[in-house]
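Residue numbers (the working numbering): 581 to 690.
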């Protein structure tokens, strides 16, 4: 059908390895809890390297969420995770969204 699937917040809560036995996602989005301070934490590094290997074997793309420091981004890039998002790259732009005018909906109903 031409669409792709992603598992969000992978590595936290209910988004764990057992999902990969039943689902075949195109993308895993690594949770920010797993990513924060990764450049300083050997345990996180070991876990992410293992996920990189699993994703490679299963032909799944990885996206790292919650990047706040250049060192995190650099470490992840060296592990082959080039898709990254977080405050390091851009802050949320909610104030940039247009204000919704309820009167426009009333005009459309009539």
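All C-beta atoms in this analysis are idealised placements derived from N, C-alpha and C, irrespective of residue type, glycine included.
| Item | Value |
| --- | --- |
| C-beta atoms of residue 615 and residue 651 nearer than 9 Å | no |
| Residues of its chain near residue 686, where Cβ-Cβ distance is below 7 Å and the 5 sequence neighbours each way are ignored | none |
| Cβ distance (whole Å) where residue 647 is taken to contact residue 666 below 8 Å | 3 Å |
| Test item: CB-CB of residue 634 and residue 600 under 9 Å | yes |
| Residue 587 beta carbon less than 9 Å from that of residue 608 | yes |
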